[in-house]
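Chains as they are written, first to last, in the working numbering: chain A, 1 to 205; chain B, 206 to 410; chain C, 411 to 615.
Contents: one structure, followed by commentary.
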Amino acid sequence: MTAFYLLDIIGTIAFAMSGALVAMNKRMDPFGVFIIAFVTAVGGGTMRDILTGRLPVIWMQDINYIYAIIGATIITIIFRKKLRFWSKTFFLFDTIGIGVFTIMGTEIGVKAGFHPMISIALGTMTACFGGVTRDILCNDIPIIFRKEIYAIACIIGAITFLILQNLVSNVNLVYIETTLIVIIVRLLAVYFKFSLPAFYSNTTS
Amino acid sequence: MTAFYLLDIIGTIAFAMSGALVAMNKRMDPFGVFIIAFVTAVGGGTMRDILTGRLPVIWMQDINYIYAIIGATIITIIFRKKLRFWSKTFFLFDTIGIGVFTIMGTEIGVKAGFHPMISIALGTMTACFGGVTRDILCNDIPIIFRKEIYAIACIIGAITFLILQNLVSNVNLVYIETTLIVIIVRLLAVYFKFSLPAFYSNTTS
Amino acid sequence: MTAFYLLDIIGTIAFAMSGALVAMNKRMDPFGVFIIAFVTAVGGGTMRDILTGRLPVIWMQDINYIYAIIGATIITIIFRKKLRFWSKTFFLFDTIGIGVFTIMGTEIGVKAGFHPMISIALGTMTACFGGVTRDILCNDIPIIFRKEIYAIACIIGAITFLILQNLVSNVNLVYIETTLIVIIVRLLAVYFKFSLPAFYSNTTS
Numbered sequence: 001m002t003a004f005y006l007l008d009i010i011g012t013i014a015f016a017m018s019g020a021l022v023a024m025n026k027r028m029d030p031f032g033v034f035i036i037a038f039v040t041a042v043g044g045g046t047m048r049d050i051l052t053g054r055l056p057v058i059w060m061q062d063i064n065y066i067y068a069i070i071g072a073t074i075i076t077i078i079f080r081k082k083l084r085f086w087s088k089t090f091f092l093f094d095t096i097g098i099g100v101f102t103i104m105g106t107e108i109g110v111k112a113g114f115h116p117m118i119s120i121a122l123g124t125m126t127a128c129f130g131g132v133t134r135d136i137l138c139n140d141i142p143i144i145f146r147k148e149i150y151a152i153a154c155i156i157g158a159i160t161f162l163i164l165q166n167l168v169s170n171v172n173l174v175y176i177e178t179t180l181i182v183i184i185v186r187l188l189a190v191y192f193k194f195s196l197p198a199f200y201s202n203t204t205s
Numbered sequence: 206m207t208a209f210y211l212l213d214i215i216g217t218i219a220f221a222m223s224g225a226l227v228a229m230n231k232r233m234d235p236f237g238v239f240i241i242a243f244v245t246a247v248g249g250g251t252m253r254d255i256l257t258g259r260l261p262v263i264w265m266q267d268i269n270y271i272y273a274i275i276g277a278t279i280i281t282i283i284f285r286k287k288l289r290f291w292s293k294t295f296f297l298f299d300t301i302g303i304g305v306f307t308i309m310g311t312e313i314g315v316k317a318g319f320h321p322m323i324s325i326a327l328g329t330m331t332a333c334f335g336g337v338t339r340d341i342l343c344n345d346i347p348i349i350f351r352k353e354i355y356a357i358a359c360i361i362g363a364i365t366f367l368i369l370q371n372l373v374s375n376v377n378l379v380y381i382e383t384t385l386i387v388i389i390v391r392l393l394a395v396y397f398k399f400s401l402p403a404f405y406s407n408t409t410s
Numbered sequence: 411m412t413a414f415y416l417l418d419i420i421g422t423i424a425f426a427m428s429g430a431l432v433a434m435n436k437r438m439d440p441f442g443v444f445i446i447a448f449v450t451a452v453g454g455g456t457m458r459d460i461l462t463g464r465l466p467v468i469w470m471q472d473i474n475y476i477y478a479i480i481g482a483t484i485i486t487i488i489f490r491k492k493l494r495f496w497s498k499t500f501f502l503f504d505t506i507g508i509g510v511f512t513i514m515g516t517e518i519g520v521k522a523g524f525h526p527m528i529s530i531a532l533g534t535m536t537a538c539f540g541g542v543t544r545d546i547l548c549n550d551i552p553i554i555f556r557k558e559i560y561a562i563a564c565i566i567g568a569i570t571f572l573i574l575q576n577l578v579s580n581v582n583l584v585y586i587e588t589t590l591i592v593i594i595v596r597l598l599a600v601y602f603k604f605s606l607p608a609f610y611s612n613t614t615s
């Protein structure tokens, strides 16, 4: 088992838990909770695989993803009372998932020989599309368009990955370092309430 | 013409009518009604075909699906006044479509050699994704996440199919039996107001 | 560079600007504006390519699409004050994009040997799906299901294209003529407030 594969399973579990938490917050039934967990966990990778033509999608060919999501959903449901400060828990899992999946997606783009900008876009999409789908299914405007700087952290991490993978020979180290960069940038951004500049000077439009 | 193909067309017509009824209830114009009917009818199968890489999708290669949807939409528009108790009519068509498409999708998963859990997921997805897309396009939280036990009926039917297809030699009989199982489970579930257990003891979260 | 390719880039720019205008109207941050611009610009073509199995999608293989969208987004952001009568500007760009993409999609369907009805559907989908995705991401009921006759203009243009391409030898001329037909039909439809017949005689349902 490579660090790559292990990170993918960790990201899947983290995103499944973040999805399950949102679904329970919307008071969905257990099946709804599982579906939202599932979509949040595999949504980004599925979109990446569809757009690049890597079909059938990976989670249909490796049943471990399904087991990871089922396990994560059950654990989240069981421990829902311990996760009472759910917004912080949700944020933590979401951030881990975003960090892992950004590097996963960028790596796949690089291996497939796409333009660096496309590889960065694939990384960002892998990280963010699951959450976008989760929000659309829950009838919210996707959080990524509204708050914080999810995507900037992904893009910085993806660019760092593109640079480091040419310089550092230990590929597992590059995965872990750049994943941590995405996570740290995002945590710092939230801590310092950094956000992108607004450009709306007039009050209404 | 096989029972398989015939069931597929029947499911397509049933889902197209259910979609057209929802769209008319939302007071959409005739084009909007057709699109919602179309998406409801082919959405699940299209998602299944994309994820498994069976492209171009089937309704692009067999024009009969388009004719079936156009016909179903026109009939629904013409007889909309006779369908005045539309919620029951909608429910009936929706249930038939769900029964047929569950078995269709599961069969395709089995034939393609996927893990039984993936085959069950493909069946459930084929049955449910059209309705999910319909609800998203109409800006509702998908009904499947909120009410009744749509998916449980699909999963029971899909499991029964997986068991019976190894035991019963007459494959057409298996199709029809398991389709009826999905329909009957769903009707019973609604009749007895059975729903999944809630696990929200605290009032707000 | 063919007229086909040039039209595609023009349509991409027009749709990116229309998407950016909607996103700025929703007061999204710069990243959200870019994503909505991107999705609006490539959404229709991406859906067309996925359904027909033309993967990886075209904008992953030709970086010019990304440059066009980035440029269009930046220009829209810079000149947002000059575009203060944004609804008319939005409408104009949207109409140009719809005209161009209808003919693009229909042409691809014809070349791939699909049934004429499927080719028309591909054209209409290429033109309309980006806007549908934009509206779903912004949590609106897609405008296409509610107002004006977007799709009728597309269908008329696509049918004209199917007829003319057999009669006229200058293929660039056919592209431009039929693109203009879509644009003119849509402008006339809005000018004369033409809309599809309603069939809701009862007040509520």
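A virtual CB, placed ideally from N, CA and C, is assigned to each residue, including glycine.
Bear in mind that the values here come from a model prediction, so they are computed numbers and not experimental data.
For residue i, tell me which candidate among the options has the shortest Cα-Cα distance.
i: B/I368; options: B/I280, B/L211 and B/E382; result: B/E382
i: B/M265; options: C/V443, C/I528, C/A561 and C/K436; result: C/I528
i: C/A599; options: C/A561, C/V584, C/G442 and C/I488; result: C/A561
i: C/K436; options: C/L577, C/L547 and C/S579; result: C/L547
i: B/F236; options: C/M535, C/L583, C/N580 and C/T456; result: C/M535
i: C/K521; options: C/V581, C/F444, C/I488 and C/M457; result: C/V581
i: C/R544; options: C/M438, C/A413 and C/T412; result: C/M438
i: C/N576; options: C/P526, C/D418, C/C538 and C/G540; result: C/P526
i: A/I58; options: A/K82, A/T102, A/F34 and A/D8; result: A/D8
i: B/V238; options: B/V337, B/L260, B/F209 and B/T278; result: B/T278
i: B/G336; options: B/I282, B/R285, B/I240 and B/K286; result: B/I240
i: B/Y396; options: B/I283, B/K293, B/K287 and B/F209; result: B/K293
i: C/G523; options: B/T207, B/F209, B/G318 and B/D267; result: B/D267
Kindly say whether residue i, judged by its beta-carbon, lies nearer than 8 Å to any beta-carbon of chain B.
i: A/P116; result: no
i: C/I530; result: no
i: A/R93; result: What sits at residue 93 of chain A in the sequence shown is Phe, not Arg. Taking Cβ atoms only, chain B never reaches closer than 8 Å to A/F93, which makes this a no.
i: C/I562; result: yes
i: A/F31; result: yes
Apart from the five residues just before and just after residue i, which ones in its own chain have a Cβ nearer than 8 Å to its Cβ?
i: B/L211; result: none
i: C/I485; result: M427
i: A/I156; result: I181, V182 and V185
Say whether chain A places a C-beta atom closer than 8 Å to the C-beta of residue i.
i: B/A221; result: no
i: B/I313; result: no
i: C/F489; result: no
Kindly indicate if chain C contains any beta-carbon less than 8 Å away from that of residue i.
i: B/I341; result: yes
i: B/F209; result: no
Starting from the C-beta of residue i, find all residues in its chain whose C-beta is less than 6 Å away, skip the five residues before and the five after it, and write them out in chain order.
i: A/R106; result: This sequence places Thr at residue 106 of chain A; Arg is not what is there. Closer than 6 Å at Cβ, skipping near neighbours: S119, G123, A158 and F161.
i: B/A358; result: V387, V390 and R391
i: A/G99; result: T179, V182 and I183
i: B/Y270; result: T217 and W264
i: A/F129; result: G43, G44 and M47
i: A/V174; result: L164, Q165 and V168
Residue i CB to nearest chain F CB: under 8 Å?
i: B/F397; result: The structure shown contains no chain F; the protein chains it does contain are A, B and C.
By Cβ distance below 7 Å, which residues in the same chain neighbour residue i in space, the five residues on each side in sequence not counted?
i: A/T46; result: V57
i: A/A127; result: G44, I98, F101, T102, G105 and C154
i: A/R80; result: M24
Original post:
Counting Cβ pairs, one atom from each stretch, are 3 or more of them under 8 Å apart for the segment 33 to 52 of chain A and the segment 66 to 86 of chain A?
Top reply: Touching, per the Cβ criterion.
(message) For the segment 4 to 14 of chain A against the segment 22 to 40 of chain A, do three or more pairs of beta-carbon atoms, one drawn from each stretch, fall closer than 8 Å, so that the two count as touching?
(response) Short answer: they don't touch.
Assess contact between the segment 561 to 576 of chain C and the segment 461 to 468 of chain C, defined as three or more Cβ pairs (one per stretch) separated by less than 8 Å. Is contact present?
no
- Task: Scan the segment 455 to 481 of chain C for residues whose Cβ lies nearer than 9 Å to a Cβ of chain B and list them as they occur along the chain.
- Result: Listed in sequence order: I460, L461, T462, G463, R464 and L465.
The segment 296 to 303 of chain B / the segment 220 to 228 of chain B touching (three or more Cβ pairs under 8 Å):
yes
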